[in-house]
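S.K.: Going down the list, the protein sequences come from chains A and B.
The opening position of the first sequence corresponds to residue -3 in this note's numbering, with each subsequent residue numbered one higher.
The opening position of the second sequence corresponds to residue 2 in this note's numbering, with each subsequent residue numbered one higher.
Every residue, glycine too, gets a C-beta built ideally from N, C-alpha and C.
Here the structure is a predicted model, which is why all the values come from computation and not from measurement.
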Amino acid sequence: MAESRDADINAQRLYAEFVKGIWKENPVFVMVLGMCPMMAVTNSAINAIAMGVSTAFVLIGSSLLVSLLRNLIPREVRISTYIIIIATFVTVVDFTLQAMVPAIHKELGAFISLIVVNCLILGRQEAFASRHPTRLALADAAGMALGFAFALLCLGATREILGSGSLFGRSLFGEHYEPWVIMILPPGGFIMLGLILLFFNWMRQRKTMRPAIAAEEVRR
Amino acid sequence: MNQVNLTISAGQKEPGSFRLVFTLALAGMLSGLALAGAYQITKPIIDANKAEALRRGVFEVVPGSRRFTPVELVDGQEKVTAYATYDADGAFLGYALEGRSVGFADTIWLLWGYEPQRRRVTGMKVLDSRETPGLGDKIKKEKYPPFAGQFADLALEPMIIVVKDGREGNNEIDAITGATISSKAVAKAINDAAAKWLAHLPATPPPPDSAESQGSGGADEGERAGEGG
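Below is the structure:
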């Protein structure tokens, strides 16, 4: 197994694993994972943050456990074991939100339990945590979680501003603003997600094209 | 990045089925323990939250109330709990009752206040609903549009009617634009509950503190209500 030794891990490697999830391999903008919560709970910024934090807790917790147990779990039953681990964390989050912030729990409803089937989480266990030492797995999970939360917040904030004329429940434009109700309904979610994906991919493309464009200009 | 290592290296033996079953059983058992622990810790807080939400709801739908006593209403097999409310001095104000009806998305569950002397609705508060955000969920909001506010002093007889072009009669409410179904569902929840349960309300309200010493849930709520006053 091509696994880096614990001793080889330096701060640079940890940083690289952490940062890649935020931008270069962002789970939403690049890998297009976890679209279900992305669509369902981003009608306000606060819901997006609650979902981001819950997913982060589950992802980091599961990655830690899976990475620690990676040599003990038989390969044949690994997926079932990961699911058990993930589902346990999700249920703990479910109980905790219900106890600490009942209003938000009510808003997110079934989508908290559905974190279990967020392919981002199982994907990270299979692709990363199960084959890397704990410190790297934690860095990867934290980066991916932050990238996911960032994407949720982008969509949630835009949809709340346009669809309700407010941000974090605070009114922005006064009483005379007529909200674009469609933005907080599912079609608005799809439209906004499409636009945001377009924007981020355009930015990425521009970044990779930049040397080429520069060369072109020099030639002229 | 997602490729799965499908080849088993030559020297590696496949683990026996005992080890597989054992791993899964152990994982399941540990998971069960963790969940039982989390449940034990959060259950009292969750219950307290629910009781608190109910308590606030009751005080909101009967303005001026500071304490309440649960009253069990029985109709054949069915049972509901109404809440007799009192002001700070213990004078009876009215009842808070629950209402349910199917809205646009799911069941709308609400509390409404009723003043028996004047036979009027004194307030309405949605406890749980899944109506469309931005449209139907305005049934929860006091302001813009002031939907819930319309129930502050509303005649119940012959029944609450939802209108679309400005309320005139004192038993009419204005529907929310774009959410007529949700608006009607709220009116229906109250109309249905009124038709079924108002006749079962006790002729004389129970004295303020009667339920505090009896019944498990009731005693808890009674005490909390007392603290609130």
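Would Leu104 of chain A pass as a contact of Met47 of chain A if the rule is Cβ separation under 8 Å?
M.R.: As a working note, residue 104 of chain A is residue 108 in the first sequence. As a working note, residue 47 of chain A is residue 51 in the first sequence. Closer than 8 Å, so yes.
S.K.: Apply the 10 Å Cβ neighbour rule to Lys44 of chain B and answer buried if 16 or more other Cβ atoms are within range, or exposed otherwise.
M.R.: Walking along the second sequence from the start, residue 44 of chain B turns up at place 43. Under this definition Lys44 of chain B is an exposed residue.
S.K.: Given the structure, does Val81 of chain B come close to the ligand MN, in the sense that its CB is under 7 Å from one of the ligand's heavy atoms?
M.R.: The ligand content of the structure shown is nil, which means the ligand MN is not present either.
S.K.: Let me see if you follow: with CB-CB separation under 8 Å, is Thr92 of chain A close to chain B or not?
M.R.: To locate residue 92 of chain A, count along the first sequence from 1; it is residue 96. It does; some Cβ of chain B falls within 8 Å.
S.K.: To the nearest angstrom, report how far apart Val88 of chain A and Val22 of chain B are at their CA atoms.
M.R.: Numbered from its first residue, the first sequence carries residue 88 of chain A at position 92. Numbered from its first residue, the second sequence carries residue 22 of chain B at position 21. Distance between the alpha carbons of Val88 of chain A and Val22 of chain B: 25 Å.
S.K.: For Ser162 of chain A, which residues from the same chain have a beta carbon less than 7 Å from its beta carbon, with the 5 sequence-adjacent residues on both sides left out?
M.R.: Along the first sequence, one-based indexing puts residue 162 of chain A at 166. Only Glu156, Leu168 meet the Cβ criterion.
S.K.: Is Leu21 of chain B close to chain A, meaning its C-beta is less than 8 Å from at least one C-beta of that chain?
M.R.: Counting from 1 along the second sequence, the entry for residue 21 of chain B is found at position 20. Chain A, which has a Cβ nearer than 8 Å to the Cβ of Leu21 of chain B, makes this yes.
S.K.: For the segment 70 to 86 of chain A, list every residue whose C-beta sits within 8 Å of some C-beta in chain B, in sequence order.
M.R.: Per Cβ criterion, the list reads Pro70, Arg71, Glu72, Val73, Ser76, Thr77, Ile80, Ile81, Ala83, Thr84.
S.K.: I'd like the span of the beta strand (DSSP E) that includes Thr82 of chain B, first residue to last.
M.R.: Along the second sequence, one-based indexing puts residue 82 of chain B at 81. Its beta strand (DSSP E) spans residues 79 to 87.
S.K.: Under 8 Å, with one C-beta from each stretch per pair, do the segment 61 to 79 of chain A and the segment 5 to 23 of chain A reach the 3-pair mark?
M.R.: Flag = no, the segment 61 to 79 of chain A and the segment 5 to 23 of chain A do not touch.
S.K.: Could you tell me whether any Cβ in chain B is nearer than 8 Å to the Cβ of Gly139 of chain A?
M.R.: Stepping through the first sequence from its first residue, residue 139 of chain A is reached at position 143. So no, Gly139 of chain A is outside the interface.
S.K.: Determine the extent of the beta strand (DSSP E) in which Lys126 of chain B is found, giving its start and end residues.
M.R.: What you label residue 126 of chain B is simply residue 125 of the second sequence in a count that begins at 1. Unbroken beta strand (DSSP E) run through Lys126 of chain B: 121 to 129.
S.K.: Tell me Ala231 of chain B's beta-bridge partners as DSSP assigns them.
M.R.: The structure shown does not extend to residue 231 of chain B, since chain B is modelled only from 2 to 230, so the question has no answer here.
S.K.: Assuming contact is defined by CB atoms lying nearer than 8 Å, are Lys126 of chain B and Gly58 of chain B in contact in what I supplied?
M.R.: Start at 1 with the first residue of the second sequence, and residue 126 of chain B comes out as number 125. Start at 1 with the first residue of the second sequence, and residue 58 of chain B comes out as number 57. Going by C-beta atoms, Lys126 of chain B is nearer than 8 Å to Gly58 of chain B.
S.K.: Taking just the CA atoms, how far does Pro209 of chain B sit from Ala85 of chain B?
M.R.: Locating residue 85 of chain B in the second sequence gives position 84, counting from the first residue. Locating residue 209 of chain B in the second sequence gives position 208, counting from the first residue. Roughly 8 Å between the two C-alpha positions.
S.K.: Tell me, to the nearest whole angstrom, how far the beta carbon of Val62 of chain B is from that of Trp198 of chain B; I am working on the premise that it is less than 8 Å.
M.R.: Counting from one through the second sequence, the residue named residue 62 of chain B turns up at place 61. Counting from one through the second sequence, the residue named residue 198 of chain B turns up at place 197. Not confirmed; about 15 Å, so no contact.
S.K.: Taking the CB atoms as reference points, tell me whether Leu98 of chain B and Tyr115 of chain B lie closer together than 8 Å.
M.R.: By one-based count along the second sequence, residue 98 of chain B stands at place 97. By one-based count along the second sequence, residue 115 of chain B stands at place 114. A contact, by the Cβ cut-off of 8 Å.
S.K.: Less than 8 Å separating the beta-carbons of Ala200 of chain B and Leu157 of chain B?
M.R.: Position 199 of the second sequence, counted from the first residue, corresponds to residue 200 of chain B. Position 156 of the second sequence, counted from the first residue, corresponds to residue 157 of chain B. No, Cβ-Cβ distance for Ala200 of chain B and Leu157 of chain B is not below 8 Å.
S.K.: What distance in whole Å lies between the Cβ atoms of Leu142 of chain A and Gly57 of chain A, which are believed to be in contact at a cut-off of 8 Å?
M.R.: Sequence index remark: in the first sequence, residue 57 of chain A carries index 61 (1-based). Sequence index remark: in the first sequence, residue 142 of chain A carries index 146 (1-based). With 8 Å as the limit, Gly57 of chain A and Leu142 of chain A do not qualify as a contact, their Cβ atoms being about 15 Å apart.
S.K.: Counting only C-beta atoms, is Ile47 of chain B closer than 8 Å to chain A at any point?
M.R.: Against the second sequence, residue 47 of chain B aligns to sequence position 46. Ile47 of chain B counts as touching chain A.
S.K.: Does the segment 63 to 79 of chain B come close enough to the segment 180 to 194 of chain B that 3 or more CB-CB pairs lie under 8 Å?
M.R.: Cβ pair count under 8 Å is below three, so no.
S.K.: Just to make sure I have the definition right: I need the residues of chain A whose C-beta is within less than 8 Å of the C-beta of Thr181 of chain B. Which are they?
M.R.: The sequence position of residue 181 of chain B within the second sequence is 180, counting from 1. By Cβ distance, chain A contributes nothing, its closest Cβ being about 15 Å from Thr181 of chain B, past 8 Å.
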